[in-house]
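Residue numbers (our numbering), protein chains in the order written: chain C, 4 to 386; chain P, 4 to 386.
We put the CB at the ideal spot given by N, CA and C, even for glycine.
Presented below is the structure to which this report refers.
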């Protein structure tokens, strides 16, 4: 078995108006990841991205000067599937289908097609986006990810006595991290709990503006290859101990109202069971956790599903400082999708690599294992 | 390494008007493939299909009663990527991401969204379909796959002195095979060369109606698992010796006008080199070839790219009877996409399995190795 690892990472700047095409952004991020690894486009023989990325592999092959892809895949489930790109790349490399696989995500999500508005674009009908059920939500006024997620959030908050004020702790922690990360859009801009409570309601009484991730323009890419190949490259490899996707029975994508218990994060539980079984690790073995934070409450759901605390205990766990830099499980030291940028989860994967290399803006000490979870996919990266 | 194999195949009837949804068709084909293998939906932990399949994995998980997917992927490139589903499933199984992967394709391509008409549906903008370049073709009157492929065909025919009358040999051979295959839409309906020459022009002077594959409603599925798991199942497994995709520099999907030499089938050549290198086999080692026949001329291009004959020699090679049941390389004994049905290439994969099991309607003697190629992906299946 050729153990797969991440040998290179790259990105563009994160902004609100990139001023250039998503194709240009993708090429910049990929070239940057290859430079980081010490590889050339002609070394690339596999690519993977989201079903809803607007760039075609054929265009990237032409634009970058790739000679031939032997593997090309797309991961469904929007940002929930972001860590799935790691799983696909790992599978391609370990099965010998390809040797150097690039994963990318490029989007002008703020300046072109905003997810946070009720504007339904052509993307709404893209296969694999899991948006077929939008038709069942829109007639009832549930028209954005905030409303869809808000319905589940309200059930959780009612059951466990959680308030929007509790959620502020997550936002404040992530903005504190972003404040000292020069790559973050909110670099130098920490917030207080009062700032959070004064921000406007997006879905009352669940999410305020500062509970929501950013809308961002930018691109992120990473390079997966074998451990053997990585030994000759420029960087300390981040080993992929395991990666998995999870699509349990009755799960939906974002509009996830159909399973029995709306407070139970089924995909997270399945991912946790799979990763812990395959790696022999448990929650106590991670020094950093990169947990998908499209909305503050998603951090609670991940903390509980992966066993960092019990069901319904996440608000207390966070309030006690456990996700801070000196807490039990430091959360997204880049600032996450709320503080750094919303490149659909992919910037949390590159941050995991930086933590392992020791090159992050806010490095955690002695990082051995990082958990990355994006809802419907998750992975363990190790030094 | 857990050698992957196909342990089950399934399908619906092939028709021009299925009378039911594509979701129903997909479920029927998948359930049929699982029954064939002796597996239950609860055994399935991976799925893969085309980017442009209209069914979501979450809907199939719910409808079939799957408990949890650990792998879910989509293959770009339309029918050209059909054998890529085999590559993805193989990668998932051999890397240990999943143990039982179902590949499916379901479409009401005749009764709902016909590819052969100039009607541009929402699908035209689906990511991964490679159709971004349609915008450069449509303004010049190139509005269907027949016109796009016709442009390349005309260059090939001019260079090698091939006429539409030559192409009739391919069509007649495939319809002869379909005529004795009860699953084929054209069962009992062979054609003569004169029938071909009397059929109407679709793209003059290149393709007549009988040079074009069918437009079909239906679904096909197959199940990939490890050799170890397959030993306990119901069928003789078809081993996947290797599978690959191919996206060479300057290649496009269908509208493939940008590479240097329009008569050179770059994807096929790359696939052939990869498969022959990885398996140690050559053209003389196959007893059956399932070659993507969306248009008759594509068979020529495959025969040359995979080395069954030299460049420009395919018309003579076919005229001499080499693709018939007793020829050097029997072609698609199911009748292919022209004679059996156009389930976007997937029915050629299930036929390869039947040839290996010895259960095909038109069985070839002593089949050891079958080549399956669909343009931008290819595989070797073996007994």
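Measuring alpha carbon to alpha carbon, tell me which of 143(P), 72(P), 86(P) and 264(P) ends up nearest residue 99(P). 72(P)
For residue 360(P), name the three-state secondary structure that DSSP assigns. helix
Of the residues 19(C), 254(C) and 383(C), the one placed nearest residue 290(C), counting alpha carbons only: 383(C)
Using a beta-carbon distance cut-off of less than 7 Å, what residues from the stretch 223–253 of chain C approach chain P? 247, 248, 249, 250, 251, 252 and 253
When you compare the stretch 52–66 of chain C with the stretch 360–373 of chain C, are there three or more beta-carbon pairs, one atom per stretch, that lie closer than 8 Å? no
With 8 Å as the threshold, decide whether the Cβ of residue 297(P) is near any Cβ in chain C. no
Chain P contacts from the stretch 58–79 of chain C (Cβ-Cβ distance under 9 Å): 58, 59, 60, 61, 62, 64, 65, 68, 69, 70, 71, 72, 73, 74, 75, 76, 77, 78 and 79
Strictly below 8 Å CB to CB, what residues from chain C border residue 19(P)? By Cβ distance, chain C contributes nothing, its closest Cβ being about 23 Å from residue 19(P), past 8 Å.
Measure the beta-carbon distance from residue 173(P) to residue 321(P) and round it to whole angstroms, keeping in mind my assumption that it falls under 8 Å. 6 Å
Roughly how many angstroms separate the alpha carbons of residue 115(C) and residue 214(P), rounded to a whole number? 43 Å
Chain-ordered chain C contacts of residue 93(P) [CB-CB under 8 Å]: 98 and 100
Hey, residue 373(P) and residue 355(P): beta-carbon distance below 8 Å or not? yes
Inspect the beta-carbon positions of residue 380(P) and residue 90(P) and report whether they are closer than 8 Å. yes
What's the C-alpha gap between residue 337(C) and residue 351(C)? 8 Å
Can you pull the chain P neighbours of residue 255(C), defined as C-beta to C-beta under 7 Å? 61
DSSP three-state assignment for residue 185(P), whether helix, strand or coil: coil
At 7 Å on the CB atoms, spell out the chain P contacts of residue 273(C), in chain order. 71
Cutoff 7 Å; reference residue 375(P); Cβ partners in own chain excluding five residues on either side: 86, 293, 351, 352, 355, 381, 382 and 384
Kindly confirm or deny that the stretch 8–15 of chain C and the stretch 223–234 of chain C touch, where touching means at least three C-beta pairs closer than 8 Å. yes
Taking CB distances under 8 Å as the criterion, tell me whether residue 88(C) reaches chain P. no
My assumption, with CB atoms under 8 Å, is that residue 332(C) sits in contact with residue 311(C). Please give the rounded CB distance. 5 Å
Look at residue 77(C) and residue 377(P) and say whether their C-beta atoms are less than 8 Å apart. no
Starting from residue 277(P), find everything on chain C with Cβ-Cβ shorter than 9 Å and list it in chain order. 71 and 73
Along the chain, which unbroken stretches of the alpha helix (DSSP H) at least 4 residues long are found entirely within the stretch 262–335 of chain C? 269–282, 299–308 and 317–322
Tell me, please, which residues DSSP counts as bridged to residue 245(C). 383(C)
Reducing DSSP to helix, strand and coil, say where residue 8(C) ends up. strand
Span of the beta strand (DSSP E), counted from its first residue to its last, around residue 224(C): 220–229
Does DSSP put residue 256(P) in a helix, a strand or coil? coil
Spatial neighbours of residue 16(P) within its chain, please: C-beta separation below 7 Å, excluding the five flanking residues on both sides. 221
Using only the alpha-carbon positions, how far apart do residue 296(C) and residue 151(C) sit? 15 Å
Best match in 54(P), 70(P) and 218(P) for proximity to residue 189(P) [C-alpha to C-alpha]: 218(P)
Residue 124(C) burial status per 10 Å Cβ neighbour count (16 or more: buried): With a pLDDT of only 46 at residue 124(C), under the threshold of 50, the placement of this residue in the model should not be trusted, and no figure is reported.
Can the beta-carbon of residue 61(C) be found less than 8 Å from the beta-carbon of residue 141(P)? no
For the beta strand (DSSP E) containing residue 108(C), list its first residue and its last residue. 103–111
Residues sharing a beta bridge with residue 77(C), DSSP: 52(C) and 77(P)
Per-residue burial, residue 186(C) [other beta carbons within 10 Å of its own, 16 or more giving buried]: buried
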